[in-house]
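Each remark here refers to the structure printed beneath this line.
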Amino acid sequence: MRIARYAGPDGIVGFGVVEGVGPDGEVEPDTTITPIAGHPFGSLEVSGPPIAFSDTRLLAPVLPSKIVAVARNYAAHAAEMGTDVPSEPMIFLKPSTSVVGPGDRIDLP
Numbered sequence: 003m004r005i006a007r008y009a010g011p012d013g014i015v016g017f018g019v020v021e022g023v024g025p026d027g028e029v030e031p032d033t034t035i036t037p038i039a040g041h042p043f044g045s046l047e048v049s050g051p052p053i054a055f056s057d058t059r060l061l062a063p064v065l066p067s068k069i070v071a072v073a074r075n076y077a078a079h080a081a082e083m084g085t086d087v088p089s090e091p092m093i094f095l096k097p098s099t100s101v102v103g104p105g106d107r108i109d110l111p
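Start counting the sequence shown at 3; every next residue gets the next number (this note's numbering).
So this is what it looks like as structure tokens:
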């Protein structure tokens, strides 16, 4: 099951179940998004009729207030960087603006 955050043709933002995607992940002509009520981590309750995928715009899957990340958190990644795995986690923050939706513009600082 694929769940997406989207803006519908009326501009209303919501979550929905994406149906009709091909086995390779490609969007088929008959692909739809069926709106669901509430949050996708709860129970899924259909809240409206299916919407043609082509009439929607996919959005970033989440709207985080902050993003906490861990650097060099596994041996292969540390090796790629030419360093050892640290003895304690190296925590860093990313701005919430670093999350964008598919096809959204990425502004370089």
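Each residue gets a CB set at the ideal place from its N, CA and C atoms; glycine is no exception.
Provide the residue span of the alpha helix (DSSP H) that contains GLU82, from first to last. Counting from one through the sequence shown, the residue named residue 82 turns up at place 80. Per DSSP, GLU82 belongs to the alpha helix (DSSP H) from 77-82.
How many whole angstroms separate the CB atoms of THR34 and ILE53, which I take to be in contact at a CB cut-off of 8 Å? Here residue 34 refers to the residue found at position 32 of the sequence shown. Here residue 53 refers to the residue found at position 51 of the sequence shown. About 6 Å separates the two Cβ atoms, so the contact holds.
Going by the CB atoms, is the gap between GLY18 and PRO37 shorter than 8 Å? Here residue 37 refers to the residue found at position 35 when the sequence shown is read from its first residue. Here residue 18 refers to the residue found at position 16 when the sequence shown is read from its first residue. Contact: yes.
Where GLY84 and ALA73 are concerned, what is the direct C-alpha to C-alpha distance, given to the nearest angstrom? For the purposes of this step, residue 84 is identified with residue 82 of the sequence shown, where counting begins at 1. For the purposes of this step, residue 73 is identified with residue 71 of the sequence shown, where counting begins at 1. Answer to the nearest angstrom: the Cα atoms are 13 Å apart.
What is the rounded straight-line gap between the Cα of LEU110 and the Cα of VAL102? What you label residue 110 is simply residue 108 of the sequence shown in a count that begins at 1. What you label residue 102 is simply residue 100 of the sequence shown in a count that begins at 1. Taking the straight line joining both Cα atoms gives about 13 Å.
Starting from ALA62, trace the beta strand (DSSP E) in both directions and tell me its first and last residue. Within the sequence shown, residue 62 is the residue found at index 60, counting from 1. Neither: ALA62 is in no beta strand (DSSP E) and is coded neither H nor E.
Give me the DSSP bridge partner(s) of LYS96. In the sequence shown, counting from the first residue as 1, residue 96 sits at position 94. Its beta-bridge partners are ILE69.
Can you check whether the CB of PRO11 is closer than 8 Å to the CB of ASP57? Taking the sequence shown and counting its residues from 1, the one referred to as residue 57 is at position 55. Taking the sequence shown and counting its residues from 1, the one referred to as residue 11 is at position 9. It is a contact, given that the beta carbons lie within the stated cut-off.
Just the C-alpha distance for PHE94 and PRO51, rounded to the nearest angstrom, thanks. Position 92 of the sequence shown, counted from the start, is the residue given in the question as residue 94. Position 49 of the sequence shown, counted from the start, is the residue given in the question as residue 51. So the two alpha carbons sit approximately 42 Å from each other.
Would you call VAL20 buried or exposed, if buried means 16 or more other Cβ atoms sit within 10 Å of its Cβ? Here residue 20 refers to the residue found at position 18 of the sequence shown. Burial call: buried.
Under 8 Å Cβ to Cβ from HIS79, same chain only, skipping five residues before and after it: list those, please. Position 77 of the sequence shown, counted from the first residue, corresponds to residue 79. None.
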